Amino acid sequence: MLINHHFSAKQLRKNLRQCRRALNHYQQRKAAKQLAHRLSKTPAFQHAKKIGFYQASDGEISPHELLKLAHADGKSCYLPVLRRFPNAQLGFVKVTPDSRLHRHRFGMKEPKFGRRLFIYQLDIVCMPLVGFDDKGNRLGMGGGFYDRSLAHHKNPRLIKLGLAHDCQQVDVLPTNTWDIALTGVLTPTQYLQF
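At position 162 of the sequence shown the residue is numbered 161 (numbering that gives the first Met the number 0), and the sequence of numbers has no breaks.
Here you go:
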């Protein structure tokens, strides 16, 4: 755990991104498998019908193994799309193992076609993050896409799940009034619920 002695959000992002990028390919794959195994045993995952995932980049922990498990379990799996949604919110499009993806303006892959769901229509949304603390605060990349999407559509049953490497935990994160807290964080070694 990184102890935050009043680092700015910008400095925390830099330090934590370096931490996760320092993990080698073997460590990344092992962490992704542990993460999938841990979440697949939870009642939340077992009861969920619609789950939102993301395409990992920049050392983020990959939800790919978890997505494969969800598909095998017959769950509907979704990926975020950035285009044509009001107020720079995320929409989610259903994907299958055969879905074709294309790169969006930030270079990450997203589904090209499909009916979009709002974030509140999911049972679980798995979110990437740069850092988290033990109060459910999440430090993202700074674009605010998840916070804006969650602020416009409140669903008390939606499980807002941050996925992270253990090295991304800090003692305290700086927060803003617009930040939306997580309901849980899953790492390869722990499942924190808030």
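For every residue, glycine included, the Cβ atom is placed at its ideal position computed from N, Cα and C.
Only a predicted model underlies this, so the values are computations on that prediction, with no experimental measurement involved.
Please identify the residue among the options whose C-alpha is closest to the C-alpha of residue i.
i, options, result
"Ala-8", "Gly-142, Ser-75, Gln-54 and His-36", "Gly-142"
"Leu-121", "Pro-127, Lys-111, Pro-155 and Asp-178", "Pro-155"
"Ile-123", "Gly-161, Glu-109 and Leu-15", "Gly-161"
"Thr-186", "Gly-139, Leu-128, Trp-177 and Ile-158", "Leu-128"
"Leu-149", "Asp-170, Met-126 and Ala-163", "Met-126"
"Phe-112", "Gln-167, Arg-99, Gly-106 and Tyr-119", "Arg-99"
"Arg-114", "Asp-133, Cys-76 and Phe-105", "Cys-76"
"Gly-135", "Val-94, Phe-105, Asp-97 and Asp-178", "Asp-178"
"Gly-51", "Lys-159, Cys-166 and Pro-96", "Lys-159"
Express the C-alpha separation of residue j and residue i in angstroms, rounding to a whole number.
i, j, result
"Leu-81", "Thr-188", "31 Å"
"Arg-147", "Asn-175", "13 Å"
"Ala-30", "Arg-19", "11 Å"
"Pro-79", "Asp-72", "21 Å"
"Asn-23", "Leu-66", "22 Å"
"Glu-64", "Gln-168", "22 Å"
"Lys-32", "Gln-26", "10 Å"
"Gln-192", "Thr-182", "6 Å"
"Gln-88", "Arg-28", "30 Å"
"Gln-45", "Cys-166", "27 Å"
"Tyr-190", "Lys-93", "26 Å"
By DSSP, does residue i sit in helix, in strand, or in coil?
i, result
"Gln-189", "coil"
"Lys-74", "coil"
"Phe-105", "coil"
"Lys-93", "strand"
"Arg-37", "helix"
"Phe-117", "strand"
"Lys-48", "coil"
"Leu-15", "helix"
Does any C-beta atom of chain D lie closer than 8 Å to the C-beta of residue i?
i, result
"Leu-22", "Annotation note: the requested chain D is absent from the structure, which comprises a single protein chain."
Would you mind stating whether residue i and residue j have Cβ atoms separated by less than 8 Å?
i, j, result
"Phe-144", "Leu-116", "no"
"Leu-138", "Arg-16", "no"
"Ser-61", "Met-107", "no"
"Phe-131", "Val-184", "yes"
"Ile-118", "His-70", "no"
"Lys-48", "Lys-74", "yes"
Is residue i near the ligand ATP, going by C-beta to nearest heavy atom under 7 Å?
i, result
"His-152", "This structure lacks the ligand ATP; in fact it carries no ligand of any kind."
Per DSSP, which one or two residues make a beta bridge with residue i?
i, result
"Gly-183", "Leu-160 and Gln-192"
"Phe-131", "Arg-137 and Gln-168"
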